[in-house]
Structure formats: structure tokens, C-alpha cells
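A.B. asks: Each step along the sequence shown adds one to the number in numbering that gives the first Met the number 0, with nothing skipped, and position 282 is 281. For every residue, glycine included, the Cβ atom is placed at its ideal position computed from N, Cα and C. Predicted model only: the values in this text are computed from it and were never measured. Please see the structure below; I have some questions.
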Amino acid sequence: MNLPDLNKVALAMVTPGKGLLAADESSGTIKKRFDDIKVVSTEETRRDYREMLFRSNEAMAQCISGVILYDETIWQNAADGTPLIRIIEQSGAIPGIKVDEGTQALPGCPGELVTVGLDKLAERLKKYYQQGARFAKWRAVIDISGHGIPSMTAIHVNAHALARYAALCQAAQIVPIVEPEVLMDGDHDIERCYAVTQRVLNKTFQELRIQRVALEGMILKPNMVVPGKKNARQASAEEVAKQTIRLLKECVPAAVPGIAFLSGGQSDEDATAHLDAMNRIGGLPWPLTFSYGRALQAAPQKAWAGKAENVAAGQRAFIHRARMNSLASKGEWTADLEARKAA
Ligand code: 13P
């Protein structure tokens, strides 16, 4: 492992004013997104859609530091034969790869999940590095919507797997994005999200230490501290920002080069407003930016709707969201700018 180089990549991923595009939906998830816009999910439509995003030059060059890809995409060519990964590199963004293989039921823990994909991961990482990937992602999912969950077991096994993954990545000279996601599903209040996320982050960093992961060579991708979607009392952007920052200061060592949030089902504008409010508070040991999937892609998906004649509109929608989040990563976003559509 060459730690200075890993650290360089990690810092580039959180370059001021830039963040990550999570375009790593599995075939099942992208099908769900395409169903919503009435597009049939085929290898070709998935390619056309992602090519549209990666060729949005303004967004890619100015606002996007890296793109998380799904296995299919990292080997795929654009319509003109150019590998999609080259288009990303040419824009100045760093290609990354989702390497977990989804979730499975956790035995003995009804309703809970463990993320899988460690078998043969070392071999897969080698191939991804050769193909150009310089960072990877693994997502653990913690559901807190049911009675008596999360169990200590679910928190432990998921943290253990995240650390195993992270150590393997660093050995392969790939920066791991460590993503322990506490879901927004349910009617819990913001305090409960805080308390569970605290347990999850503490356990995750304990496992990272035990497994000798170099904190300088990773990126943390956490959820924000928010009330459950079904809670009647939703929080203001300022409250989300205050609670999230308090929690991160308690749990995340300053050696971590950066934090890139997931959007987790927040509305586009909420995801942007929350990130902006955090960066307005400022004075933190790490840059805070975005690593959004839905909050960057819902608008372009709708504008595109699978039609070639809508590609320019889809790109405009993506550029707008990328710009808004870029501003939020610097604490310079305003609702006014939000309302102004992309030129
Ligand atoms: P969302 O921003 O849609 O939560 O997706 C980010 C991601 O990469 C989830 O693993």
C-alpha cells in the first residue's frame, strides 16, 4: 500500500466545490428508476442514460470529482465506441466502482440485512484497478424502522464487513468509501437517528482500527441526522446541520480526509439545503461534500425520459443539480439560485 498516493486520491475526491456522482445503481435498482419514467431497462438504455450524464461537460469538469460506477458500466462503451470510463477520465473526474454485491437476510436477526461481496474481492479489485478505478464503495444498510432493531449483531457484522472491504481496497491501492447507512424509513425522531448513527459510526471506526485501515486513505459516506420520513415533526435545515455536525465531531477522527454524504431519499432541495447549512457552520477538520445518487439523478431522469431528443434537457437538469450541490459544498447555495433554472 502506498498511503501518500491513497491520500492524494481521497483528497481529490473532496476537492473544494466538487463531490461524487453515485451512478452505481445495480441492475435491479436502475430498473426501478427507469420504471418510474417508463423506460425499459436494457444494456443499451442504461448505457445511453449514463453516457448522457458523463458527457455533461460543465457538470463533470466543474462540480464532479468522481463517479461511482456499477460493474456493467465500467466495461461499457459509449455509442461511438469510446469506453465510458475514458469519458469520465477525460472530464477530469476519477472513476470509482461499487464492489459490494448487495444485501442478504442476516440469520437470527429477523428483518435485518448484511452486505455481502467479500469472497474473491481481492481478485476483483485487481481487475478494477487495471481498468482504471481508483476508489471503491461498499454500502452497509441499517434499518431502524421496526421494533427492537437494529440489533447489536447487525451493527457489528456490517461494521466488520466494511472494515474487511476497506483493508482489501487499500491493499489494492484503491481508496475505500466506507458507507454505513442508517435508513430514513420509519417514524422515528431525529434523536433516535442521532443515537443509532452514533452507535454505528463508533462501531465502524472501532473495526477500521482493529483491521488496520489507514484513515488517511479512506472517505466516509454517512447518512445525515434526520427524522424518519414518516415522523410528523420534520427538522429544519439548520437543525439537521447542527445535529449532524455534532455527531460527526464526536465520532469521526480528524485523520479522515473527507466526508461525502449520501442523499438517502431526501428531496433534491433538502439534500442540497442540508449540505449547505452544514458548510455554513464550517470550522470542521474535514471537507463535507456530496456523494448523491437520487438527489443528483432524479431530475435528469425525468427530463430525459428515455428519448434521444431530450438528451440536452436531461443534461441541463443534471448540470443544475450538480451546480447547486457544488455551491452547497462551499456553503454558498441559496434558495434563490435554486429557483433559477439552468441556462
Ligand atoms: P442516494 O444518494 O440515492 O442515497 O445514493 C447514494 C448511494 O450511493 C447509495 O449507496
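Would the beta-carbon of A316 be found less than 8 angstroms away from any heavy atom of ligand 1?
C.D. replies: No; taking the cut-off as 8 angstroms, the Cβ of A316 has no heavy atom of ligand 1 nearer than that.
A.B. asks: My assumption, with CB atoms under 8 angstroms, is that Q314 sits in contact with M51. Please give the rounded CB distance.
C.D. replies: That belief holds up - the Cβ atoms of Q314 and M51 are roughly 6 angstroms apart, short of 8 angstroms.
A.B. asks: Give me whichever residues DSSP pairs with Q103 in a beta bridge.
C.D. replies: For Q103, which the question treats as bridged, DSSP gives the partners V113.
A.B. asks: Contact between the stretch 137 to 154 and the stretch 55 to 73 is defined here as three or more beta-carbon pairs at a separation below 8 angstroms; is this criterion met?
C.D. replies: Taking 8 angstroms as the limit for Cβ pairs, the verdict is that the stretch 55 to 73 does not touch the stretch 137 to 154.
A.B. asks: Assign H187 to one of two classes, buried (16 or more other C-beta atoms within 10 Å of its C-beta) or exposed (fewer than that).
C.D. replies: Buried is the call here.
A.B. asks: Going by the DSSP bridge assignment, what does Y291 pair with across the sheet?
C.D. replies: Beta-bridge pairing links Y291 to L20.
A.B. asks: Checking 9 angstroms against the spacing of the C-beta atoms, do L167 and L214 come in under that value?
C.D. replies: No, the pair does not count as a contact, with Cβ atoms beyond the cut-off.
A.B. asks: At a cut-off of 8 angstroms, would you count L287 as near ligand 1, judging by its Cβ distance to the nearest heavy atom?
C.D. replies: Not under cutoff, so the answer is no.
A.B. asks: Give every residue of the same chain whose Cβ lies closer than 6 angstroms to the Cβ of V115, excluding the five residues on either side of it in the sequence, and list them in chain order.
C.D. replies: For V115, where only same-chain residues beyond five positions count, the Cβ hits under 6 angstroms are E100, Q103.
A.B. asks: Straight-line CA distance for R191 to K306?
C.D. replies: Each residue's alpha carbon lies about 43 angstroms from the other.
A.B. asks: Buried or exposed, going by whether 16 or more other CB atoms sit within 10 Å of the CB of Q265?
C.D. replies: Q265 should be labelled buried.
A.B. asks: So, helix, strand or coil for E178, using DSSP?
C.D. replies: Correct three-state label for E178: strand.
A.B. asks: Mind listing, in chain order, the continuous beta strand (DSSP E) runs of no fewer than 3 residues lying wholly within the stretch 204 to 277?
C.D. replies: Fully enclosed beta strand (DSSP E) runs of 3 or longer: 258 to 260.
A.B. asks: Can you check DSSP and say which residues form a bridge with A135?
C.D. replies: Answer is I96, P175.
A.B. asks: Use the C-beta contact count for G263: other C-beta atoms within 10 angstroms, 16 or more gives buried, fewer gives exposed.
C.D. replies: Buried.
A.B. asks: What residues match up with L10 in a beta bridge as DSSP calls it?
C.D. replies: Beta-bridge pairing links L10 to no other residue.
A.B. asks: Note down, in chain order, each residue of its chain lying with its Cβ closer than 7 angstroms to the Cβ of C250, except the 5 sequence neighbours on either side.
C.D. replies: Excluding sequence neighbours, C250 sits near Q197, L200, N201, F204.
A.B. asks: Counting C-beta neighbours from all protein chains within 10 Å, is the total for F260 16 or more, i.e. buried, or is it exposed?
C.D. replies: Flag for F260 reads buried.
A.B. asks: How far does the alpha helix (DSSP H) with G282 in it extend, from its first residue to its last?
C.D. replies: Neither: G282 is in no alpha helix (DSSP H) and is coded neither H nor E.
A.B. asks: Using 8 angstroms as the cut-off, can you tell me whether the stretch 215 to 231 makes contact with the stretch 174 to 187, which would need three or more C-beta pairs spanning the two stretches below that distance?
C.D. replies: Output reads yes: the stretch 174 to 187 touches the stretch 215 to 231.
A.B. asks: Does the pairing of the stretch 127 to 136 with the stretch 76 to 96 give three or more beta-carbon distances under 8 angstroms?
C.D. replies: Yes, they touch.
A.B. asks: Please state whether DSSP places A342 in a helix, a strand or coil.
C.D. replies: In this predicted model, A342 has a pLDDT of only 46, less than 50, meaning its place in the structure is not dependable; the value taken from the coordinates is given anyway. A342: coil per DSSP, three-state reduction.
A.B. asks: Going by alpha carbons, who is nearest to E337 out of W303, A298, V310, T81?
C.D. replies: The shortest C-alpha separation from E337 is found at A298.
A.B. asks: Would you call A342 buried or exposed, if buried means 16 or more other Cβ atoms sit within 10 Å of its Cβ?
C.D. replies: Unreliable placement is indicated for A342, whose pLDDT of 46 sits below 50; the coordinate value is still reported in the next sentence. The residue is exposed, with fewer than 16 neighbouring Cβ atoms inside 10 Å.
A.B. asks: Based on the DSSP secondary-structure assignment, which residues constitute the bridge partners of P82?
C.D. replies: Its beta-bridge partners are N76.
A.B. asks: For A158, count neighbouring C-beta atoms within 10 Å of its own C-beta (all shown protein chains included) and say buried if the count is 16 or more, exposed if not.
C.D. replies: Buried: at least 16 other Cβ atoms inside 10 Å.
A.B. asks: As a quick exercise: from Y291, R293, D267, L247, pick the residue whose alpha carbon is nearest that of L283.
C.D. replies: Closest by alpha carbon: L247.
A.B. asks: Let me know the secondary structure DSSP gives N64 once reduced to three states.
C.D. replies: The identity of residue 64 in the sequence shown is Ser, whereas the question assumes Asn. In this structure, S64 counts as strand in the three-state DSSP scheme.
A.B. asks: Please tell me whether M349 and I36 are closer than 9 angstroms, where the distance is taken between their beta carbons.
C.D. replies: Absent from the model: residue 349. The displayed extent of the chain is 0 to 342, so no value can be given.
A.B. asks: Indicate the three-state DSSP secondary structure (helix, strand or coil) for I148 in the structure shown.
C.D. replies: Correct three-state label for I148: coil.
A.B. asks: By the three-class DSSP mapping on this structure, what secondary structure does V156 have?
C.D. replies: In this structure, V156 counts as helix in the three-state DSSP scheme.
A.B. asks: What number of angstroms, rounded off, separates the C-alpha of L5 from the C-alpha of Y291?
C.D. replies: Their backbone Cα atoms lie some 22 angstroms apart in a straight line.
A.B. asks: For I67, verify whether its CB is less than 8 angstroms away from any heavy atom of ligand 1.
C.D. replies: Answer for I67: yes, Cβ within range of ligand 1.
A.B. asks: Can you have a look at K220 and say buried or exposed, based on whether 16 or more other CB atoms are within 10 angstroms of its CB?
C.D. replies: Classification for K220: buried.
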